[in-house]
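Asks: Those protein sequence lines, which keep their order, are chains R and E. For any residue, its number in the numbering used here is found by taking its place in the first sequence, counting from 1, and adding 35. For any residue, its number in the numbering used here is found by taking its place in the second sequence, counting from 1, and adding 237. Glycine included, each C-beta is placed from N, C-alpha and C at the ideal position. Note that the structure is a prediction, hence the values are computed from the model and not measured.
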Amino acid sequence: STEEHGKKRDLEIHAMKIESKVSSRFAHTVVISQVLNRANVSKEAFFEIELPKTAFITNFSMTLDGVTHVGVVKEKEVAQKQYQQAVSRGQTAGLVKVSGRKMEKFKVSVNIGPNKKVIFELTYEELLKRHLGAYEMQIRVKPQQLVNHFQIDVHIFEPQGIAFLNVDANFLTNNLTSIVKKTLTGTKAHVSFKPTLEQQRKCPDCHETILDGDFIIKYDVNRDLSAGSVQVVNGYFVHHFAPANLARIPKNVIFVIDHSGSMSGTKMRQTNEALVKILGDMDTKDHFGIIIFDDNIDTWKDTIFQATLENVFEAKKFVKTISARGGTNINDAMVKAVRLLDKAYQDKQLPERSVSMIILLTDGHPNSGESNPTRIQQNVKNVADGKYNVYCLGFGYDVNYNFLEIMALENNGVARRIYEDSDAPLQLQGFYDEVANPLLLDIEFQYPENAISESTQANFKHLFAGSEIVVAGKIVDNSLDYLRADVIAKTANENLTLQAEVKISGAENITQQQQYIFGDFTERLWAYLTIQQLLEKRISAETDEKKNLTDRILELSLKYSFVTPLTSMVVTKPEENKNDTFVADKPSEDEKVARPSFPGHSMVDSD
Amino acid sequence: PHFIISINDRSDAICFNIDGKPGAILNVVTDPSTDFVVNGELIGEKKIEKNVKMNTYFGKFGIVNNQMDMKVEVSTKMITVFHGEDKIIFPWSSTASLTKESFSISIAKEKNLTLTMGDDATFVIVLHRVWKNHPLHRDFLGFYTLDSHRLSNRTHGLLGQFYREVNAEIYNIRPGLDQGKPDATMIVKGHKLRVTRGYQKDYRLDPKRGTNIPCWFVHYNGKGFIDGIPTDYVVTSLF
Chain R
36 STEEHGKKRD
46 LEIHAMKIES
56 KVSSRFAHTV
66 VISQVLNRAN
76 VSKEAFFEIE
86 LPKTAFITNF
96 SMTLDGVTHV
106 GVVKEKEVAQ
116 KQYQQAVSRG
126 QTAGLVKVSG
136 RKMEKFKVSV
146 NIGPNKKVIF
156 ELTYEELLKR
166 HLGAYEMQIR
176 VKPQQLVNHF
186 QIDVHIFEPQ
196 GIAFLNVDAN
206 FLTNNLTSIV
216 KKTLTGTKAH
226 VSFKPTLEQQ
236 RKCPDCHETI
246 LDGDFIIKYD
256 VNRDLSAGSV
266 QVVNGYFVHH
276 FAPANLARIP
286 KNVIFVIDHS
296 GSMSGTKMRQ
306 TNEALVKILG
316 DMDTKDHFGI
326 IIFDDNIDTW
336 KDTIFQATLE
346 NVFEAKKFVK
356 TISARGGTNI
366 NDAMVKAVRL
376 LDKAYQDKQL
386 PERSVSMIIL
396 LTDGHPNSGE
406 SNPTRIQQNV
416 KNVADGKYNV
426 YCLGFGYDVN
436 YNFLEIMALE
446 NNGVARRIYE
456 DSDAPLQLQG
466 FYDEVANPLL
476 LDIEFQYPEN
486 AISESTQANF
496 KHLFAGSEIV
506 VAGKIVDNSL
516 DYLRADVIAK
526 TANENLTLQA
536 EVKISGAENI
546 TQQQQYIFGD
556 FTERLWAYLT
566 IQQLLEKRIS
576 AETDEKKNLT
586 DRILELSLKY
596 SFVTPLTSMV
606 VTKPEENKND
616 TFVADKPSED
626 EKVARPSFPG
636 HSMVDSD
Chain E
238 PHFIISINDR
248 SDAICFNIDG
258 KPGAILNVVT
268 DPSTDFVVNG
278 ELIGEKKIEK
288 NVKMNTYFGK
298 FGIVNNQMDM
308 KVEVSTKMIT
318 VFHGEDKIIF
328 PWSSTASLTK
338 ESFSISIAKE
348 KNLTLTMGDD
358 ATFVIVLHRV
368 WKNHPLHRDF
378 LGFYTLDSHR
388 LSNRTHGLLG
398 QFYREVNAEI
408 YNIRPGLDQG
418 KPDATMIVKG
428 HKLRVTRGYQ
438 KDYRLDPKRG
448 TNIPCWFVHY
458 NGKGFIDGIP
468 TDYVVTSLF
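Laid out in C-alpha cells, this is it:
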C-alpha cells in the first residue's frame with residue numbers, strides 16, 4: 036500500500052489499468068482506475084486522464100457502492116440546459132479542457148464514504164494517423180502516487196503486417212526500460228508495462244512515483260506499391276492506401292513570411308532559423324520563392340527559382356536578414372504569391388507535373404490593406420482558384436486561427452498551430468517535412484457504384500510521403516462476393532491504376548478469428564472518419580450546407596456515442612443527498628490557446 | 238530457355254533451345270530504328286545434379302524504350318520502372334497499370350505483365366511461380382510477342398530476327414530416333430537442317446499446365462535457324 040510521510044494515504048489508487056486494442060489503426064482505449072478511501076471520513080477522489088485531441092470519448096462510468104453511473108452522450112444544447120441548473124448552483128465548468136498541444140484533460144471527482152471504493156472507467160477511440168512514416172499512440176501516464184496494480188496493455192492487429200514497433204516512455208530510466216515487454220509476430224503486436232510498487236518508486240524508501248510522462252508507441256505496417264489494404268467486417272469496409280516505392284513529384288513552394296512588428300524577437304529568430312534549415316532540405320528539382328510582408332510586400336528577387344545549390348545559398352543569405360517591423364498585410368502577400376506562381380506557369384518555368392503550394396506563416400491578425408478576414412479568404416480563394424494548396428501556420432497566442440483554418444481548407448490545405456516555445460523551429464520544419472515529398476496527384480478511389488454507399492472522401496489532390504489515405508464505407512449489396520477497389524492517380528511521369536479485390540466472406544472470417552478485434556471496428560472507424568471529415572467541411576461551409584452537415588454529424592455522434600464538438604457527455608455524480616450533473620465537452624481547436632503559466636498564476640489546463 | 242517461332246504464315250512452328258550459363262544475359266530483341274531493346278538474364282536450377290544437363294530459364298528481363306526514356310526491369314520478385322532518374326517498383330502481388338502517353342504496363346497480380354507501346358508492339362511476360370520449397374526448381378519468366386508489326390526491318394535478337402515472316406520448307410518426313418517423333422528436313426535461311434517433331438509449351442492462357450504447341454525442333458541451340466551462334470547474343474548488361 037502507498038504511504039505518505041510515514042502514514043497511510045487516505046485515498047489510495049488501488050489499481051490502474053490502461054488497455055488499448057488497435058485494429059487497422061483504429062484504437063479503442065479503456066482506462067480503469069480503482070480508488071479506495073481508507074479514511075474514516077468521506078473524501079473527494081479525483082479521476083484525471085489526458086487523452087489525445089484526435090480521440091472521441093465514447094463512454095464513462097463511475098461505480099460506487101456497487102452502483103454504476105454511466106455518462107450519457109447528448110446533443111450539446113440539451114446537455115447545456117441540463118448543465119445550466121448545475122451552473123446556477125455555482126458548480127465549476129465542464130470536465131474536459133485543452134491540455135497542451137496534443138492532449139485534452141478529462142477530470143472528474145466524487146465523494147466516497149469511509150472505507151469505500153470507486154471505480155472510474157473511461158473509453159475513447161481514435162484513428163491513428165500516419166505521420167512521417169509511422170502511426171503514433173500516446174498514453175499520458177500520471178497517477179501521482181504509487182499504484183498497487185498498474186498496467187498498460189496495448190494489443191495491435193494490422194493485417195498488412197507490422198514493419199516495426201518502437202516503445203518509448205520518457206519517465207523510464209535506462210535500467211527500467213526492460214519493464215516494457217514488447218512482442219511482435221507478423222500481424223500482431225503486444226506491448227505490456229506492469230511496474231511493481233518498487234519499480235514505480237523514484238528512489239528507494241521514498242513514495243514519489245516515476246510514472247509521470249508519455250508512453251509512446253510508434254509503428255508502421257508493411258507496404259509496397261499496390262492498391263493497399265481493404266478490409267470488410269460486418270458490412271463496412273475500410274481501405275488504407277499509402278503505397279511505397281514511388282518517385283517523388285517536384286514541388287513549387289512560395290513561402291509567405293510575416294515579419295510584422297509582433298514577430299520581433301524570438302519568433303523572428305526562430306522563423307529565420309527554421310527557414311534556413313527548410314531551404315537546405317529542398318530537393319534540387321523543386322522550385323521556390325519567398326515573399327515577406329509587414330504592411331508592405333517584398334519578394335525575394337521577384338520570381339521563382341529552382342532549388343539549386345547556388346539559389347538556395349543566396350536565399351539563405353536573404354532569410355537571415357529578415358527583421359520584424361510594421362503592420363500585417365496578409366491579403367496582398369497571399370495574392371502576390373498566387374500571381375508569382377501563375378506567372379511562373381505562364382512562362383513555363385515549372386515542371387508540367389508538379390505540386391504548387393503556398394506556405395503562409397503569420398502570428399497575428401491582418402491589420403493593414405484588406406483587413407476583413409472574410410474578404411481576404413474570398414480574395415485568396417478567387418485568385419488561387421483551386422490551383423495551389425494553401426498551408427497556414429499560425430504562430431503564437433494572438434493569431435486568428437479560425438481565419439487561417441478556413442483560408443487553408445478552402446484551398447486544399449491545412450492550418451497548423453506553431454506553439455511559441457523553444458522548439459518552434461522544429462515544429463515549422465516538422466510541418467514542412469509532411470508536405471515536402473508529394474508522391475501522387477489527383478487520387479481517385481473507385482468502388483462498384485451500386486454495391487457501396489456513404490463512402491467517406493474518395494478523391495484527394497495529393498498523397499505525401501509518410502502519410503496515408505483512408506476511405507471507408509458501407510456495403511449495400513448483400514450478394515456481393517468480392518469488393519473491388521480501383522485507385523487511379525498520377526505519378527511524377529505516368530498515370531497509375533492500382534486494383535485490389537477482397538473476398539467478402541473470406542475477409543470477414545479472417546478478422547472474426549482475430550482475438551484482438553472488437554467486432555464492429557470497421558463500422559466505428561467509418562463513423563469516426565465520416566464525423567472528422569464533416570467537421571472539417573463544416574468549418575468553411577455556407578449556412579445551408581452547414582446546417583445539413585451539423586445535423587449529420589450530430590446524428591452519427593449520438594448513434595455511435597462519440598463526444599464530438601457537437602455533443603456532450605452528461606455525467607451524473609452520485610453524492611450523499613443529491614445528484615450533481617457535469618458535462619464532458621470536446622474543446623475546439625479555434626479556442627484561444629492558453630498562454631503558458633508563470634509562477635504566481637494558477638492555470639490548471641495549460642502546459 | 239526454349240523458343241517457339243511461328244513459320245509459314247503461322248501455319249506451323251519451329252522450336253529450339255538455347256543453353257546458356259546462369260547469369261548470362263541474352264539479347265532477345267533489338268530494334269535500332271525505334272531504339273527498343275529487350276534483354277533476358279538466365280537463371281539455373283537451385284542445385285545441379287551430377288551428370289544431368291542443366292536447364293536454364295529466363296529469371297529477369299530488361300526492356301528499354303530510349304525514345305520514351307523508359308526502362309523496365311522485370312524479375313520474378315518485382316517489376317521496376319525507370320523513367321529518367323525516377324524509379325517505381327511494383328511487386329508481383331499487385332494488380333496495376335502504368336501509362337505514359339502510348340506506353341503502358343499492366344500487371345495482373347501473380348500472373349503476367351503486358352507491355353504495350355502504342356500500336357507499335359505488345360509483349361507479355363508470364364510469371365511462373367514454383368513451390369518455394371521445391372528442392373530444384375525456382376520461379377522463372379516467359380516472354381511472348383503478341384504484336385511487333387511496327388518494329389522496323391532492322392529488328393534483331395534471338396526473337397527479334399524472326400519478327401519478319403519466316404519461310405521454311407519442311408520435307409522428307411521420316412521416322413526419327415525416338416518413337417512418335419518423326420524427323421524431317423527443313424530448308425530455312427539457305428540452310429538444310431534435320432528437325433524433329435515435338436511439342437513445346439505456351440503458358441499464356443494456362444500458366445500452370447501450358448498449352449502444347451506442336452513444332453519442328455531444331456537441334457544444337459537452333460544452329461542454322463538462328464543467325465550466328467548463341468554467344469553472338471550475349472550482352473554485358475540488362476540495359
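Roughly how many angstroms separate the alpha carbons of M604 of chain R and L364 of chain E, rounded to a whole number?
Replies: Along the first sequence, read from residue 1 onward, the residue named residue 604 of chain R stands at position 569. Along the second sequence, read from residue 1 onward, the residue named residue 364 of chain E stands at position 127. The alpha-carbon atoms of M604 of chain R and L364 of chain E are separated by roughly 58 angstroms.
Asks: Suppose you measure from the CA of P483 of chain R to the CA of H274 of chain R; what does that come to, to the nearest Å?
Replies: Position 448 of the first sequence, counted from the start, is the residue given in the question as residue 483 of chain R. Position 239 of the first sequence, counted from the start, is the residue given in the question as residue 274 of chain R. When rounded, the distance between both Cα atoms is 14 angstroms.
Asks: Using 8 angstroms as the cut-off, can you tell me whether the stretch 100 to 107 of chain R makes contact with the stretch 185 to 205 of chain R, which would need three or more C-beta pairs spanning the two stretches below that distance?
Replies: Judged by Cβ distances under 8 angstroms, the stretch 100 to 107 of chain R makes no contact with the stretch 185 to 205 of chain R, as fewer than three pairs qualify.
Asks: Quick check on the DSSP output: the beta strand (DSSP E) that includes T433 of chain E runs from which residue to which?
Replies: Residue mapping note: residue 433 of chain E aligns to position 196 of the second sequence, counting from 1. H428 to D439 is the extent of the beta strand (DSSP E) around T433 of chain E.
Asks: Does DSSP put S389 of chain R in a helix, a strand or coil?
Replies: Locating residue 389 of chain R in the first sequence gives position 354, where the first residue counts as 1. In this structure, S389 of chain R counts as coil in the three-state DSSP scheme.
Asks: Mind listing the chain R neighbours of S312 of chain E? Cutoff is C-beta to C-beta under 8 angstroms, in chain order.
Replies: Working through the second sequence from its first residue, we reach residue 312 of chain E at position 75. Neighbours of S312 of chain E on chain R: none; closest Cβ ~14 angstroms, over 8 angstroms.
Asks: For my contact list, A368 of chain R and I326 of chain R are in at a C-beta cut-off of 8 angstroms; report their separation, rounded to the angstrom.
Replies: Against the first sequence, residue 368 of chain R aligns to sequence position 333. Against the first sequence, residue 326 of chain R aligns to sequence position 291. Yes, they are in contact, since the Cβ atoms of A368 of chain R and I326 of chain R sit about 5 angstroms apart, within 8 angstroms.
Asks: Please identify, using Cβ separations under 8 angstroms, the residues of the stretch 510 to 532 of chain R that lie next to chain E, in order along the chain.
Replies: Cβ contacts with chain E: T526, A527, N528, E529, N530, L531 and T532.
Asks: Could you tell me whether the stretch 165 to 179 of chain R touches the stretch 82 to 99 of chain R, using the rule of 3 or more Cβ pairs below 8 angstroms?
Replies: Yes: at least three Cβ pairs fall under 8 angstroms.
Asks: Considering only the beta carbon of each residue, do K267 of chain E and G397 of chain E sit closer than 9 angstroms?
Replies: Counting from one through the second sequence, the residue named residue 267 of chain E turns up at place 30. Counting from one through the second sequence, the residue named residue 397 of chain E turns up at place 160. Lys is not the amino acid found at residue 267 of chain E; the sequence shown has Thr there. Yes. Within cutoff.
Asks: K324 of chain E versus chain R: which residues are under 7 angstroms apart at the beta carbon?
Replies: Here residue 324 of chain E refers to the residue found at position 87 when the second sequence is read from its first residue. Those are A282, listed as they occur along chain R.
Asks: Please confirm whether D249 of chain R and G168 of chain R have their CB atoms less than 9 angstroms apart.
Replies: On the first sequence, residue 249 of chain R is found 214 positions in, with the first residue counted as 1. On the first sequence, residue 168 of chain R is found 133 positions in, with the first residue counted as 1. Going by C-beta atoms, D249 of chain R is not nearer than 9 angstroms to G168 of chain R.
Asks: List, in chain order, every chain E residue whose beta-carbon is nearer than 9 angstroms to that of Q117 of chain R.
Replies: As a working mapping, residue 117 of chain R is identified with position 82 in the first sequence. The premise fails here: Q117 of chain R is roughly 54 angstroms from chain E at the closest Cβ pair, so nothing lies under 9 angstroms.
Asks: For the alpha helix (DSSP H) holding R304 of chain R, just list the boundary residues, first then last.
Replies: Residue numbering aside, residue 304 of chain R sits at position 269 when the first sequence is read from its first letter. T301 to G315 is the extent of the alpha helix (DSSP H) around R304 of chain R.
Asks: With I453 of chain R and Q464 of chain R assumed to form a contact (beta carbons below 8 angstroms), what rounded beta-carbon distance in angstroms separates them?
Replies: Counting from one through the first sequence, the residue named residue 453 of chain R turns up at place 418. Counting from one through the first sequence, the residue named residue 464 of chain R turns up at place 429. In fact, because the Cβ distance is near 11 angstroms, the residues do not count as touching under 8 angstroms.
Asks: By the 9 angstroms beta-carbon criterion, what residues does the stretch 243 to 267 of chain R contribute toward chain E?
Replies: If the cut-off is 9 angstroms between Cβ atoms, the stretch 243 to 267 of chain R has D259, L260, S261 and A262 near chain E.
Asks: Grouping DSSP H, G and I as helix and E and B as strand, with all else coil, what is W453 of chain E?
Replies: Along the second sequence, read from residue 1 onward, the residue named residue 453 of chain E stands at position 216. In the structure shown, W453 of chain E sits in a strand (DSSP, three-state: E or B).
Asks: Tell me where the beta strand (DSSP E) around A507 of chain R begins and ends.
Replies: On the first sequence, position 472 is the one that residue 507 of chain R refers to. That run of the beta strand (DSSP E) goes I504 to I510.
Asks: Which residue or residues does DSSP assign as beta-bridge partners of H365 of chain E?
Replies: Within the second sequence, the letter at position 128 stands for residue 365 of chain E. Note: H365 of chain E sits in a beta bridge opposite E:F377.
Asks: Can you name the residues of chain R whose CB is closer than 8 angstroms to the CB of K337 of chain E?
Replies: Here residue 337 of chain E corresponds to residue number 100 of the second sequence, with the count starting at 1. Neighbours of K337 of chain E on chain R, chain order: N528, E529 and N530.
Asks: Which residues, in chain order, does the stretch 343 to 364 of chain E contribute to contact with chain R at a C-beta distance below 7 angstroms?
Replies: Here the close residues number zero.
Asks: Take K460 of chain E and list the residues in its own chain whose beta-carbon comes closer than 8 angstroms to its own, dropping the five residues that flank it on each side.
Replies: As a first step, residue 460 of chain E must be located in the second sequence, where it is residue number 223. Excluding sequence neighbours, K460 of chain E sits near L430 and I466.
Asks: Using the beta-carbon of each residue, which ones in chain E are nearer than 8 angstroms to Q173 of chain R?
Replies: Stepping through the first sequence from its first residue, residue 173 of chain R is reached at position 138. Chain E residues near Q173 of chain R: none, gap ~33 angstroms exceeds 8 angstroms.
Asks: Excluding sequence positions up to five away, which residues of its chain have a Cβ less than 8 angstroms from the Cβ of G32 of chain R?
Replies: Here chain R covers residues 36 to 642 and nothing more, so residue 32 of chain R does not appear.
Asks: Measure the C-alpha to C-alpha separation of K223 of chain R and Q568 of chain R and round it to an integer number of angstroms.
Replies: Sequence index remark: in the first sequence, residue 223 of chain R carries index 188 (1-based). Sequence index remark: in the first sequence, residue 568 of chain R carries index 533 (1-based). K223 of chain R and Q568 of chain R: Cα-Cα distance of roughly 29 angstroms.
Asks: Out of R:N485, R:V133 and R:V370, state which residue places its alpha-carbon closest to the alpha-carbon of N446 of chain R.
Replies: Position 411 of the first sequence holds residue 446 of chain R. Taking only the C-alpha atoms, the option nearest N446 of chain R is R:V370.
Asks: Assuming N264 of chain E contacts V472 of chain E under a Cβ cut-off of 8 angstroms, what Cβ separation, rounded to an integer in Å, is found between them?
Replies: Residue numbering aside, residue 264 of chain E sits at position 27 when the second sequence is read from its first letter. Residue numbering aside, residue 472 of chain E sits at position 235 when the second sequence is read from its first letter. Right, their Cβ atoms sit about 5 angstroms apart.
Asks: Can you give me the Cβ contacts of M305 of chain E inside the same chain, cut-off strictly under 7 angstroms, excluding the 5 residues immediately before and after it?
Replies: The count along the second sequence starts at 1 and reaches residue 305 of chain E at position 68. If we look at M305 of chain E and ignore the five residues flanking it on each side, its Cβ neighbours are K337 and F340.
Asks: Could you check which residue in R:V226, R:V267 and R:R388 has the C-alpha nearest to that of K525 of chain R?
Replies: The residue labelled residue 525 of chain R in the question sits at position 490 within the first sequence. Of the listed residues, the one whose Cα sits closest to K525 of chain R is R:R388.
Asks: Among the residues of its own chain, which have a CB less than 7 angstroms from the CB of L211 of chain R, if the five just before and after it don't count?
Replies: Taking the first sequence and counting its residues from 1, the one referred to as residue 211 of chain R is at position 176. Only Q234 meet the Cβ criterion.
Asks: Excluding sequence positions up to five away, which residues of its chain have a Cβ less than 8 angstroms from the Cβ of K355 of chain R?
Replies: On the first sequence, residue 355 of chain R is found 320 positions in, with the first residue counted as 1. Excluding residues within five positions, the ones whose Cβ falls inside 8 angstroms are N307 and V311.
Asks: At least one CB of chain R closer than 9 angstroms to the CB of F476 of chain E: is that the case?
Replies: Within the second sequence, residue 476 of chain E is the residue found at index 239, counting from 1. No, F476 of chain E lies away from the interface with chain R (no Cβ there is under 9 angstroms from its Cβ).
Asks: For I244 of chain E, collect the residues of the same chain with a Cβ closer than 6 angstroms to its Cβ; drop the 5 residues on either side in sequence, then sort them by chain order.
Replies: As a first step, residue 244 of chain E is located in the second sequence; it is residue number 7 there, counting from the start. Hits under 6 angstroms: I251, V403 and A405.
Asks: Since N364 of chain R and G429 of chain R should fall inside the 8 angstroms C-beta cutoff, what is the C-beta to C-beta distance between them, to a whole number of angstroms?
Replies: As a position in the first sequence, residue 364 of chain R is number 329, starting the count at 1. As a position in the first sequence, residue 429 of chain R is number 394, starting the count at 1. Incorrect: roughly 17 angstroms between the Cβ atoms, too far for contact.
Asks: Based on Cα-Cα distance, which residue from R:T491, R:A486 and R:V291 lies nearest to I393 of chain R?
Replies: Against the first sequence, residue 393 of chain R aligns to sequence position 358. Ranking R:T491, R:A486 and R:V291 by Cα distance to I393 of chain R puts R:V291 first.
Asks: Suppose you measure from the CA of P473 of chain R to the CA of V390 of chain R; what does that come to, to the nearest Å?
Replies: Residue mapping note: residue 473 of chain R aligns to position 438 of the first sequence, counting from 1. Residue mapping note: residue 390 of chain R aligns to position 355 of the first sequence, counting from 1. Looking at the two C-alpha atoms, the distance is approximately 7 angstroms.
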